[in-house]
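All the letters of the sequence shown, read from the start, carry residue numbers 1124 to 1401 under my numbering. The beta-carbon is built from N, C-alpha and C at its ideal position, and this holds for glycine as well. Note that the coordinates shown come from a computational prediction; the quantities given were computed from them, not determined experimentally. Contents: one structure, followed by commentary.
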Amino acid sequence: MSRLIGIFDSGLGGLTVARAVIKRLPNDRVMYFADTAHVPYGERPLDEVRSFALGITRFLVDRGAAAIVMACNMSSAVALQPARDIFPDIPIIGVIGPGARAAAERVSDGAIAVLATSGTVRSGAYSRAIHTFEPSVEVIEQPCPAFVPLVEAGLADTEEAEVAVRDAVEPVLARGAKTIVLGCTHYPFLRGAIEKVAPSAVIIDPAEETAGDLAKLIEDVPDYGVDADHRFFASGSVDALISIGGDFLGMPIHEVEVVEWGKDLLYGYTEMNVGKVL
1124 MSRLIGIFDS GLGGLTVARA VIKRLPNDRV MYFADTAHVP YGERPLDEVR
1174 SFALGITRFL VDRGAAAIVM ACNMSSAVAL QPARDIFPDI PIIGVIGPGA
1224 RAAAERVSDG AIAVLATSGT VRSGAYSRAI HTFEPSVEVI EQPCPAFVPL
1274 VEAGLADTEE AEVAVRDAVE PVLARGAKTI VLGCTHYPFL RGAIEKVAPS
1324 AVIIDPAEET AGDLAKLIED VPDYGVDADH RFFASGSVDA LISIGGDFLG
1374 MPIHEVEVVE WGKDLLYGYT EMNVGKVL
């Protein structure tokens, strides 16, 4: 018997967090939601992403989630506190806090570079979070708009990806960055290319830190008596989840349930009327 852990992202990247959660909490079960109808989130308005994130959170809570992981840095930046306000009885965690803490703890000298989507960079969430742990460190937030489309298309191991990584990483190294945070859950699949460009940098992947924080957060959450397999949902195409999602998760994904926005109890929220289903 298990608890249900709701985890979501715009696409495949959050499966890296799901993998870490399954490893850390093997007796629990994951409900994973990929908002493939809207991937990528990076260039979208922040209030739109907030609406999506809160809608998905309610969808997972309505299906029995005992805890929620926002396995999307942009969602964590703009929707974490609103979600906690709406669902005060549900433990909800994001990926920015754990990643920021790990970076601050491991930096020895030089700046911390955060590779992230344009939306996460616009939010300034990583700089604020890192400075709560290490106020004096320089934080360089670098937008990497090409990364998510490359990963979602299964092109992480191509020359095209190496060029995109070099274009993003070399400027932050030139500014003195010696610690690099993978500030999007898709980016671990570009880690090999990043390490080629920055072989001496300390690389921070927030997935493991997030799974550890989640385990502590739900220590006192009772077993709901769930007897089920992991479940996977998508709001749009399921092709990538089934074809390459298993590489992210570390186990095959055989079935994905499709749910549509505006149907299937999946609705967005407005910023002005948070908490009311539209």
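- Message: Taking 7 Å as the threshold (C-beta atoms), are Y1249 and M1197 in contact?
- Response: no
- Inter-residue spacing [alpha-carbon to alpha-carbon] between Q1265 and T1243: 10 Å
- Item | Element boundaries [beta strand (DSSP E), containing I1341] | Note, I1341: premise wrong, no beta strand (DSSP E); not H, not E.
- Query: Which of helix, strand or coil does DSSP assign to P1221?
  - Reply: helix
- Message: What ranges does the alpha helix (DSSP H) occupy inside the region 1221-1261, keeping only unbroken runs of at least 4 residues that lie completely in it?
- Response: 1241-1246, 1248-1256
- Task: Give the DSSP-derived three-state secondary structure of G1129 in the structure shown.
- Result: strand
- My guess is that A1157 and A1357 are in contact by the Cβ rule of under 8 Å, so how many angstroms apart are they, rounded? 5 Å
- Report yes or no: do the region 1218-1238 and the region 1370-1387 share at least 3 C-beta pairs separated by less than 8 Å? no
- Item | Local conformation of L1372 per DSSP, three classes | helix
- Can you check whether the CB of I1216 is closer than 7 Å to the CB of R1207? no
- Query: Of the choices G1220, G1369, K1386, whose alpha-carbon is the least far from that of Y1155?
  - Reply: G1369
- Message: In the DSSP assignment, the alpha helix (DSSP H) including T1180 goes from what residue to what residue?
- Response: 1169-1185
- From the DSSP output, which residues share a beta bridge with V1153? I1128
- Message: Let me check understanding here. Comparing Cα to Cα, which of S1133, R1147, A1291, V1144 lies closest to S1174?
- Response: S1133
- 4-residue-minimum alpha helix (DSSP H) runs that sit fully inside the region 1285-1338, ordered along the chain: 1314-1320
- F1210, enclosing alpha helix (DSSP H) - first and last residue: Neither: F1210 is in no alpha helix (DSSP H) and is coded neither H nor E.
- Task: Give the straight-line distance between the Cα atoms of A1300 and I1235, rounded to the nearest whole angstrom.
- Result: 5 Å
- Distance between beta carbons of A1291 and C1267, contact taken as under 8 Å: 5 Å
- Message: Could you pull the DSSP bridge partners for S1354 from this structure?
- Response: What sits at residue 1354 in the sequence shown is Arg, not Ser. R1354 pairs with M1154.
- Query: Is the CB-CB distance between I1367 and G1220 below 7 Å?
  - Reply: no
- Return the CA-CA distance between E1261 and K1146, expressed in angstroms with no decimal places. 33 Å
- Query: Taking Cβ positions, are R1289 and V1325 nearer each other than 7 Å?
  - Reply: no
- Message: Could you tell me the alpha carbon to alpha carbon distance between W1384 and G1359, rounded to whole angstroms?
- Response: 9 Å
- Task: Note down the Cα distance separating P1125 from A1141, rounded to an integer number of angstroms.
- Result: As written in the sequence, residue 1125 is Ser, which differs from the Pro given in the question. Near 15 Å, if we compare the C-alpha coordinates of A1141 and S1125.
- DSSP beta-bridge partners of A1190: I1128
- What is the DSSP secondary structure of E1283, reduced to helix, strand or coil? helix
- Is the closest heavy atom of the ligand ADP to the C-beta of V1244 under 6 Å? Inclusion of the ligand ADP in the displayed structure is not the case, the ligand content being empty and no account of it being possible.
- Chain-order list of residues whose beta-carbon lies under 6 Å from that of G1398 (same chain, five-residue window excluded): Confidence at G1398 is low in this model, with a pLDDT of 35, below 50, so the placement of that residue should be treated as unreliable; the coordinate-derived value is given next. Correct list, in chain order: I1209.
- Buried or exposed: S1231, going by 16 or more other Cβ atoms within 10 Å of its Cβ? exposed
- Query: Using CA coordinates, which residue listed in A1190, L1313, T1281, A1239 is at the minimum distance from A1338?
  - Reply: A1190
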